[in-house]
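Notes to accompany the following structure.
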Amino acid sequence: MNKCKEKILKEIRNELNRNVDSEYKVGIQRFFKEEVKVYGVRGPVFKKISRKYFKQVNHLDKKEIFELCECLLNSGYGEEIGMAFDWAFRLKKYFDESDFKIFENWLSKYVSNWGACDSFCSKAFGEYILQFPQFLPQVKSWTKSKNRWMRRASAVIMIYSNRKGKYIKDSFHIADMLLLDEDDMVQKGYGWMLKEISKAHPQMVFDYVMKNKSRMPRTALRYAIEKLSPELRKKAMEK
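Just so you know, the sequence shown maps onto residues 236 to 474 in the numbering used here.
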């Protein structure tokens, strides 16, 4: 790594350390079953820091910025991982087909909790799939992964496109493939995806839930129906 990149990484880490909120750091752990490695920087402060340093690197080409992102990801710190994913999203105008392998590798190698999964998939990787739907078959293959975060990602990544009315049929196909998954993080992931679809297509989601509710885990069902009308929710919850 050249000295310029070493310098920027050192500056980022120093600034994150200067903005640690000890109380917040302790509180974060409550939201995760697994132990998370974080500095403890509050969200609004973190966003300012990420934006500030992106301005300092955005003269570099995409390959160089992605190399910096890889260094951030490799640290294992939640804030550095979040910064890498934020920077990737800021490069959305420059995405191309070759980036899929890079992003898929980041997902399988560096994502180890729901926060990182959702941060990446609901923005940068979600935008990528919106632009390059030819990779949807690969996304669907993640539903069979041994990695729980890849399986969750197969649903969460669709939310970005679904909010824009795109690839709804593919999302229902993914829900079918994840329907009987026993992992609660995966159930919450595809339940969330269905909930987002229900905002524009409530009847479609209601019909899907009614068709599958005898087999659908209650966790996924509750997430899926959260935004439906009280009447439809009541029907969906009936035994």
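Every residue, glycine too, gets a C-beta built ideally from N, C-alpha and C. Since the model is a prediction, treat every value here as computed from it, not as a measurement.
Residue i and residue j closer than 9 Å at C-beta
i: ARG383; j: MET420; result: yes
i: TYR363; j: LYS404; result: no
i: GLU305; j: ILE247; result: no
i: ASP321; j: LYS358; result: yes
i: LEU222; j: LYS401; result: No information on residue 222 is available, as it lies outside the stretch 236 to 474 that the chain covers here.
i: SER354; j: GLY317; result: yes
i: ASP418; j: ARG457; result: no
Distance between residue j and residue i (C-alpha atoms, nearest Å)
i: PHE301; j: ASN293; result: 11 Å
i: TYR395; j: ALA323; result: 15 Å
i: VAL280; j: LYS474; result: 46 Å
i: LEU307; j: PHE330; result: 20 Å
i: PRO368; j: GLU250; result: 38 Å
i: GLU241; j: SER333; result: 26 Å
Buried versus exposed, by CB contacts within 10 Å (16 or more), residue i
i: MET393; result: buried
i: LYS430; result: buried
i: VAL346; result: buried
i: LYS423; result: buried
i: ASP296; result: exposed
i: ASN397; result: buried
i: GLY262; result: exposed
i: ASN476; result: As shown, the chain starts at 236 and ends at 474. That puts residue 476 outside it, with no answer to give.
Other residues of its chain near residue i: CB distance less than 8 Å, five sequence neighbours each side excluded
i: LEU463; result: SER433, PRO437, VAL440, PHE441 and ALA471
i: LYS260; result: VAL273, TYR274 and GLY275
i: SER428; result: According to the sequence as given, residue 428 is Met; it is not Ser. So the qualifying residues of the chain are ALA390, VAL391, MET393, ILE394, ASN397, SER406, ILE409 and ALA410.
Sequence-distant residues of the same chain with beta carbon closer than 6 Å to residue i, five excluded per side
i: ARG468; result: ILE460
Neighbourhood of residue i by C-beta distance below 7 Å, restricted to the same chain and skipping five residues each side
i: ASN348; result: PHE267, GLU269 and VAL271
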